[in-house]
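**Q** Please see the structure below; I have some questions.
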Amino acid sequence: MKLPNILLTGTPGVGKTTLGKELASRSRLKYINVGDLALEGELYDGYDEEYDCPVLDEDRVVDELENQMREGETDNSILYKRLETRGHNEKKLKDNIQCEIFHVLYEEARLPSNKPEELEENISQISRWIGQWVKDHKS
Numbered sequence: 003m004k005l006p007n008i009l010l011t012g013t014p015g016v017g018k019t020t021l022g023k024e025l026a027s028r029s030r031l032k033y034i035n036v037g038d039l040a041l042e043g044e045l046y047d048g049y050d051e052e053y054d055c056p057v058l059d060e061d062r063v064v065d066e067l068e069n070q071m072r073e074g075e076t077d078n079s080i081l082y083k084r085l086e087t088r089g090h091n092e093k094k095l096k097d098n099i100q101c102e103i104f105h106v107l108y109e110e111a112r113l114p115s116n117k118p119e120e121l122e123e124n125i126s127q128i129s130r131w132i133g134q135w136v137k138d139h140k141s
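Under this note's numbering, think of the first position of the sequence shown as 3, with each following residue one higher.
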């Protein structure tokens, strides 16, 4: 069975790791912490002295994740050519490709994560999205 790719984003301390691990434990999804992936693969592009942290090399991270996320999805090179023929500018092309890679539109997926009880609500909502995605993508 195909499963969706889900990207959890947010500022530090809002519960991304807790939510991601809990979703993985309740489903067949695989949890990947991008920070850990970057650390293990040394996927950095310098160091930010002001924030005292490494600078993530986003291109290398996406390359690292792409094979894990590709199964059953649109080939991004085909999608790029398709969108290019529609006359999209470079920024819009890149944004659309990133949406395809991450499979989430930011405005549609925002969930509150301010209180511990919202964790269960968020897991339920995401589980419903996963269920719908699976139904929509049955082969």
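Where is the CB? At the ideal position from N, CA and C, for every residue including glycine.
(1) Helix or strand or just coil, what does DSSP make of L67?
(2) What does the alpha-carbon distance come out to for the pair S115 and G133?
(3) Does G133 come out as helix, strand or coil in the three-state DSSP assignment?
(4) When you compare only the Cα positions, how much space is there between T76 and L25?
(5) With C-beta atoms as the reference, is L9 less than 9 Å away from N124?
(6) DSSP three-state call for D54: helix, strand or coil?
(7) Specify, as a first and last residue, the run of the alpha helix (DSSP H) that G37 falls within.
(8) Please go through the same chain and pick out, in chain order, the residues whose beta-carbon is closer than 7 Å to the beta-carbon of N35, but skip the five residues on each side of it.
(9) Whose C-beta lies closer than 7 Å to the C-beta of Y33 among residues of the same chain, with five residues either side of it excluded?
(10) Using C-beta distances below 7 Å, list every residue in its chain close to Q127, excluding the 5 sequence neighbours before and after it, in chain order.
(11) Under DSSP, the alpha helix (DSSP H) around T19 begins and ends at which residues?
(12) What distance in whole Å lies between the Cβ atoms of Y49 and L58, which are believed to be in contact at a cut-off of 8 Å?
(13) Once you ignore the five residues that flank R62 on each side, which residues in its own chain have a CB closer than 6 Å to its CB?
(14) What is the rounded straight-line gap between the Cα of E122 and the Cα of V136?
(15) Closest to L31 by C-alpha separation, out of A40, G43 and N7, would be which residue?
**A** On the basis of the coordinates in this document:
(1) DSSP places L67 in helix when its eight states are reduced to three.
(2) Rounded to whole angstroms, S115 and G133 show a C-alpha spacing of 22 Å.
(3) Reduced to three states, the DSSP call for G133 is helix.
(4) Low local confidence applies: a pLDDT of 46 at T76 is under 50, so the model's placement there is unreliable, with the coordinate-based value given in what follows. Each residue's Cα considered, the two are about 24 Å apart.
(5) No, Cβ-Cβ distance for L9 and N124 is not below 9 Å.
(6) Residue state, collapsed to three classes: coil.
(7) Membership of G37 in the alpha helix (DSSP H) is indicated by the continuous run V36 to G43.
(8) Only T19 meet the Cβ criterion.
(9) Excluding five sequence positions before and after Y33, the CB atoms of its chain that fall closer than 7 Å to its own CB belong to G22, K23 and A26, given in chain order.
(10) Listed in chain order, the non-local C-beta contacts of Q127 below 7 Å within the same chain comprise L113, local neighbours out to five positions each way being set aside.
(11) Residues K18 to R28.
(12) Contact flag wrong, Cβ pair sits at about 11 Å.
(13) So the list reads L45, once near-sequence residues are dropped.
(14) Roughly 21 Å between the two C-alpha positions.
(15) Distance check between L31 and each of A40, G43 and N7 places N7 closest, using alpha-carbon atoms only.
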